[in-house]
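Novice:
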Amino acid sequence: MPAPSLRGRFVWHELMTTDPDAAARFYPAVTGWKVQTWEHNPAYRLWTMGGAPMAGLMALPDHSRRMGTPPAWLSYVGVPDVDATVRQATSLGARTYAGPQDIPVGRFAVLADPQGATFGLYKPSQQPVRGNDAAIGDFSWHELATTDYKAAWAFYRALFGWEPRESIDMGPDGTYWEFGLAGRDETIGGMYNKPPALPAARWLAYVKVPSADTAARTAQRSGGRVVSGPMDVPGGGRIAQCVDPQGAVIAVHAVAVAVKPAARPAGKRKAPRAKAKKAAKKAAPNRKAKRAKRAR
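Heads up, the working numbering is the position in the sequence shown plus 41, with the first residue counted as 1.
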């Protein structure tokens with residue numbers, strides 16, 4: 042089987058926080074990850090699942106703290122040429138926060154899109170080994186809350202070649218656009234206009250877990266807050282959006298497990314099936330939209 046294409050795929054995630062030690066205790070409890078020191082830099086730690094690296098953990102840099110930057114997750118999109126993509130992004134209206142630079146495992150840059158949402162570019166020195174299907178502990182969905190989804194869509198489509206999937210009419214709340222990788226039957230995220238309560242445009246990443254309810258309860262017991270959900274979502278599944286003790290936002294996503302109905306005793310009539318809840322009022326990693334915006 043050929044390796045998955047790098048361009049446009051979310052290939053790395055990184056938490057920059059004011060208390061890495063506290064984060065190293067919080068996230069394994071919620072997601073099941075383990076944490077280990079990175080061999081190339083003892084100040085940088087790796088989240089792992091089954092021995093495979095999932096994401097990175099580092100202290101929020103001093104200059105970022107002085108600027109008032111809050112703890113946050115940063116999602117990196119794979120590209121074949123970081124420098125060329127930075128030039129293209131700036132020509133499309135992006136700002137460069139960290140110019141192209143090498144690290145022991147590849148080359149990266151950090152940008153803000155024209156509406157202000159921060160994202161990273163990354164070209165790993167080795168092709169990522171994970172395929173299309175998210176396993177437990179993987180990041181399974183990425184969602185952009187922005188100030189102008191049409192302009193944002195034009196920017197990212199030009200930059201990464203993303204293709205439109207389903208658009209969902211949310212009534213007074215506008216439209217939710219799902220997108221996928223070019224040439225592949227794979228939906229990887231969505232975008233929508235943020236609500237007024239959300240102060241700035243941002244990306245939100247979802248981690249796949251066995252149970253969104255369990256993850257949400259654990260987040261609360263561990264000092265975090267649940268700001269949306271847990272809730273069922275169209276297409277099957279359940280999500281919750283949480284804030285960790287230092288203020289970074291993370292979401293969890295669990296796939297619904299089909300339950301085989303119990304056999305009915307002979308001679309008894311089948312009870313009427315309850316009406317399904319309206320999907321239009323749900324939001325999710327597969328058919329996203331609607332109330333996922335209420336986070337924060």
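Yeah, the Cβ is synthetic: ideal placement off N, Cα and C, and Gly gets one too.
Closer than 7 Å to a non-hydrogen atom of the ligand MG - does that hold for the CB of Val-151?
Specialist: Inclusion of the ligand MG in the displayed structure is not the case, the ligand content being empty and no account of it being possible.
Novice: What first and last residue would you give for the beta strand (DSSP E) that runs through Gln-282?
Specialist: For the purposes of this step, residue 282 is taken as the residue at position 241 of the sequence shown. Segment 279-284, the beta strand (DSSP E) holding Gln-282.
Novice: Just how far apart, CA to CA, sit Arg-50 and Gly-264?
Specialist: Residue numbering aside, residue 50 sits at position 9 when the sequence shown is read from its first letter. Residue numbering aside, residue 264 sits at position 223 when the sequence shown is read from its first letter. Distance between the alpha carbons of Arg-50 and Gly-264: 32 Å.
Novice: Going by DSSP, what residue range makes up the alpha helix (DSSP H) through Ser-181?
Specialist: What you label residue 181 is simply residue 140 of the sequence shown in a count that begins at 1. That residue, Ser-181, is in no alpha helix (DSSP H); its beta strand (DSSP E) goes 180-187.
Novice: Is it true that the CB of Ala-63 sits closer than 8 Å to the CB of Gln-287?
Specialist: Walking along the sequence shown from the start, residue 287 turns up at place 246. Walking along the sequence shown from the start, residue 63 turns up at place 22. Yes, these two residues count as a Cβ contact at 8 Å.
Novice: Does the beta-carbon of Ala-186 have 16 or more other beta-carbons within 10 angstroms, so that it is buried, or is it exposed?
Specialist: For this step, residue 186 is matched to residue 145 along the sequence shown. Buried, by the Cβ-count rule.
Novice: Does the Cβ-Cβ distance between Gly-270 and Ala-253 come in under 8 Å?
Specialist: Residue mapping note: residue 270 aligns to position 229 of the sequence shown, counting from 1. Residue mapping note: residue 253 aligns to position 212 of the sequence shown, counting from 1. Result yes, Cβ atoms of Gly-270 and Ala-253 sit closer than 8 Å.
Novice: Could you tell me the distance, in whole angstroms, from the CA atom of Ala-125 to the CA atom of Ser-132?
Specialist: One-based indexing of the sequence shown puts residue 125 at position 84. One-based indexing of the sequence shown puts residue 132 at position 91. Answer to the nearest angstrom: the Cα atoms are 11 Å apart.
Novice: For His-104, which beta-bridge partners are listed by DSSP?
Specialist: Looking up residue 104 in the sequence shown gives position 63. According to DSSP, which records beta bridges pairwise, His-104 is partnered with nothing at all.
Novice: Could you tell me whether the Cβ atoms of Ile-280 and Trp-114 are closer together than 8 Å?
Specialist: Residue 280 sits at position 239 when you count from the first residue of the sequence shown. Residue 114 sits at position 73 when you count from the first residue of the sequence shown. No.
Novice: Of the residues Leu-245, Val-267, Gln-261, which one's Cα is nearest the Cα of Tyr-117?
Specialist: Along the sequence shown, one-based indexing puts residue 117 at 76. Tyr-117 has its Cα closest to that of Leu-245, out of Leu-245, Val-267, Gln-261.
Novice: Note the first and the last residue of the continuous beta strand (DSSP E) segment covering Arg-243.
Specialist: As a first step, residue 243 is located in the sequence shown; it is residue number 202 there, counting from the start. That run of the beta strand (DSSP E) goes 243-249.
Novice: What does Thr-159 pair with, by DSSP beta-bridge criteria?
Specialist: As a first step, residue 159 must be located in the sequence shown, where it is residue number 118. According to DSSP, Thr-159 bridges with Ala-153.
Novice: Which partner residues does Phe-201 have in the DSSP bridge list?
Specialist: For the purposes of this step, residue 201 is taken as residue 160 along the sequence shown, with counting starting at 1. Per DSSP, none; premise fails for Phe-201.
Novice: Taking the alpha-carbon of Leu-152 as reference, which of Tyr-163, Ile-144, Pro-145 has the nearest alpha-carbon?
Specialist: Position 111 of the sequence shown holds residue 152. Checked all of Tyr-163, Ile-144, Pro-145; the closest Cα to Leu-152 is Tyr-163.
Novice: Mind checking who Glu-219 pairs with in its DSSP beta bridge?
Specialist: Residue numbering aside, residue 219 sits at position 178 when the sequence shown is read from its first letter. Looking at the DSSP assignment, Glu-219 forms a beta bridge with Gly-231.
Novice: Excluding the 5 residues preceding and the 5 following Ile-177 in the sequence, name in chain order all residues of the same chain whose CB lies nearer than 8 Å to its CB.
Specialist: By 1-based counting over the sequence shown, the position of residue 177 is 136. If we look at Ile-177 and ignore the five residues flanking it on each side, its Cβ neighbours are Gly-73, Met-90, Lys-249, Val-250, Pro-251.
Novice: So Ala-113 is in the beta strand (DSSP E); what residue range does that whole segment cover?
Specialist: Locating residue 113 in the sequence shown gives position 72, counting from the first residue. Here the beta strand (DSSP E) through Ala-113 covers 113-119.
Novice: Would you report the Cα separation of Val-284 and Gly-157, rounded to the nearest angstrom?
Specialist: Within the sequence shown, numbered from 1, the residue matching residue 284 stands at position 243. Within the sequence shown, numbered from 1, the residue matching residue 157 stands at position 116. Going by the C-alpha atoms only, they are around 21 Å apart.
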